[in-house]
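Down below is the structure, laid out as structure tokens.
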Amino acid sequence: MGRQKQMVQPKNNKQKGRQNRPKNQDRPKQAKRSQAPKAVTPEINATDDAEFIFGIHAATEALKGETQINKVWLQSGLQDKTRNELTTLAKKRGLIIQDAPKAKLDELTNGQNHQGVVLSIAAYAYASIDDMFALAAERDEAPFILILDSIEDPHNLGSILRTADAAGVHGIIIPKRRAVQLTATVAKTSTGAIEHVPVARVTNLVQTVEKLKEQGLWVFGTDMDGADYRRWNAQGPTALIIGNEGKGISPLLKKAVDETLSIPMIGHVQSLNASVAASLLIYQGFNSRHPL
1 MGRQKQMVQP KNNKQKGRQN RPKNQDRPKQ AKRSQAPKAV TPEINATDDA
51 EFIFGIHAAT EALKGETQIN KVWLQSGLQD KTRNELTTLA KKRGLIIQDA
101 PKAKLDELTN GQNHQGVVLS IAAYAYASID DMFALAAERD EAPFILILDS
151 IEDPHNLGSI LRTADAAGVH GIIIPKRRAV QLTATVAKTS TGAIEHVPVA
201 RVTNLVQTVE KLKEQGLWVF GTDMDGADYR RWNAQGPTAL IIGNEGKGIS
251 PLLKKAVDET LSIPMIGHVQ SLNASVAASL LIYQGFNSRH PL
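Numbering (full-length UniProt numbering), first residue to last: 1 to 292.
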């Protein structure tokens, strides 16, 4: 399968399945829809635990989307414009709406900033990697997938989701263990992006990366000694790995990447917040895919 030429050349890592991938210089200039990678076996996970979505933006997006919502709480005295919009959306879906004092909503959200609206939802249903490929094909684009290596802060995950949605990323892959999952805090921080970006969970990130490479994706990671990210061309089928907030990318996963990228810094700090670094890299990918 042909893949588009990228400016950062892959390192000579000899991984299983690599001999079946075409050389960098043999990749065509344009990745066509008919050349989209074959589907990876779906992995859909959900539990029966109840969750909550809160905050005006997150709740509005959930009501407009396909999230399974059980109940809507609106704070007594909520201003008319906001109440009317949320009530209209809830009634269209036949949902129960209940007025509640602020103290009740504070209790449901453990004192977080709910802005007067709380939704009770079924646990978040995760997507599959197939869904990401299908979304890329629907848009007639080469897949651009984000892989998060043990991100622990829900605010980081929420912010990354928000940037991924804005830049047209086709999906995010996270590990099942030792990493933050989709939660109410993630949903609120994403300001509704959680409704639009597929998120898949996998047991083993290294194995998943190898499968993606066999399907034709070029995999890039972050490292202080990597190539300058400003020269990165992500026009072809691409996966980008963002490492843990403190430890970065795990050693085994780093060995599996084609190339590492770095963000140059001339100040006193030695690293950036994971969501900030992800935003810079995601938008470099966007810039190379959508040049001026």
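Every residue gets a Cβ at the ideal spot worked out from N, C-alpha and C, and that includes glycine.
Which residues in the same chain have their Cβ closer than 6 Å to the Cβ of residue i, if we skip the five residues on either side of it in sequence?
| i | result |
| --- | --- |
| Leu78 | Gly116 |
| Gly192 | His57, Ala58, Glu61 |
| Gly111 | none |
| Thr260 | Gly221, Asp223, Gly226 |
| Leu292 | none |
| Ala100 | Trp73 |
| Leu212 | Ala239 |
| Phe89 | According to the sequence shown, residue 89 is Leu rather than Phe. For Leu89, where only same-chain residues beyond five positions count, the Cβ hits under 6 Å are Leu63. |
Identify every residue that forms a DSSP beta bridge with residue i.
| i | result |
| --- | --- |
| Asn244 | Gly248 |
| Trp73 | Gln98, Val118 |
| Gly171 | Ile145 |
| Thr238 | Phe144, Trp218 |
Using a 10 Å radius around the Cβ and a threshold of 16 neighbouring Cβ atoms, would you call residue i buried or exposed?
| i | result |
| --- | --- |
| Leu74 | buried |
| Asn156 | buried |
| His114 | buried |
| His290 | exposed |
| Ile97 | exposed |
| Gly267 | exposed |
| Gln9 | The predicted model places Gln9 with a pLDDT of 45, which falls under 50 and marks its position as unreliable, so this point remains unresolved. |
| Pro251 | exposed |
| Lys188 | buried |
| Asp185 | Here residue 185 turns out to be Thr, not Asp, going by the sequence shown. So Thr185 ends up on the buried side. |
| Asp80 | exposed |
| Gly248 | buried |
| Asp258 | buried |
| Val269 | exposed |
| Gly55 | buried |
| Gly94 | exposed |
Can you list, in chain order, the residues of its chain whose CB lies under 7 Å from that of residue i, leaving out five sequence neighbours each side?
| i | result |
| --- | --- |
| Ala39 | Because Ala39 sits at a pLDDT of 42, beneath the cut-off of 50, its placement in the model cannot be relied upon, and the following sentence gives the value as read from the coordinates. These residues qualify, in order along the chain: Asp130, Phe133. |
| Pro264 | Asp228 |
| Gly65 | Glu195 |
| Ala274 | Ile151, Asn156, Ile242, Glu245 |
| Leu205 | Ile147, Asp149, Pro175, Leu253 |
| Thr208 | Ile173, Val202 |
| Arg178 | Ser150 |
| Val276 | none |
| Arg139 | none |
| Thr41 | In this prediction, Thr41 scores a pLDDT of 33, lower than 50, which makes its location untrustworthy; the coordinate-derived value is nonetheless stated afterwards. So the list is empty, once near-sequence residues are dropped. |
What residue does the beta strand (DSSP E) around residue i start on, and which one ends it?
| i | result |
| --- | --- |
| Arg201 | 199-202 |
| Gly226 | 218-228 |
| Ile53 | 51-54 |
Going along the chain, which residues of its own chain have a beta-carbon closer than 8 Å to the beta-carbon of residue i, five neighbours each way excluded?
| i | result |
| --- | --- |
| Ser262 | Thr222, Asp223, Met224, Asp225, Gly226, Ala227, Asp228, Tyr229 |
| Ala167 | Ile282, Tyr283, Gly285, Phe286 |
| Ile172 | Ile145, Leu146, Ile147, Leu148, Ile160, Leu161, Ala164, Val197, Pro198, Val199, Ala200 |
| Thr47 | Residue placement at Thr47 cannot be trusted, given a pLDDT of 32 that sits under 50; the coordinates are not used to answer. |
| Ser76 | Asp99, Ala100, Pro101, Lys102 |
| Arg83 | Leu74 |
Would you mind reading off the limits of the alpha helix (DSSP H) that contains residue i?
| i | result |
| --- | --- |
| Glu66 | Segment: none, Glu66 is in no alpha helix (DSSP H) and carries neither H nor E. |
| Met132 | 129-138 |
| Ser262 | Element bounds for Ser262: not the alpha helix (DSSP H) but the beta strand (DSSP E), 259-262. |
| residue 293 | No answer is possible for residue 293: it lies beyond the span of the chain, which begins at 1 and ends at 292. |
| Glu210 | 205-214 |
| Glu85 | 80-92 |
| Lys188 | 184-189 |
Please look up how many angstroms separate the CB atoms of residue i and residue j, rounded, as I've assumed it's under 8 Å.
| i | j | result |
| --- | --- | --- |
| Asn70 | Ile121 | 6 Å |
| Thr183 | Pro154 | 5 Å |
| Ser279 | Gln235 | Contact doesn't hold; Cβ gap of about 19 Å is too wide. |
| Val118 | Leu105 | 5 Å |
| Ala142 | Glu210 | With a Cβ gap of about 19 Å, Ala142 and Glu210 do not count as contacting. |
| Gly158 | Ser128 | Not quite, the Cβ-Cβ distance comes to about 21 Å (not below 8 Å), so this is no contact. |
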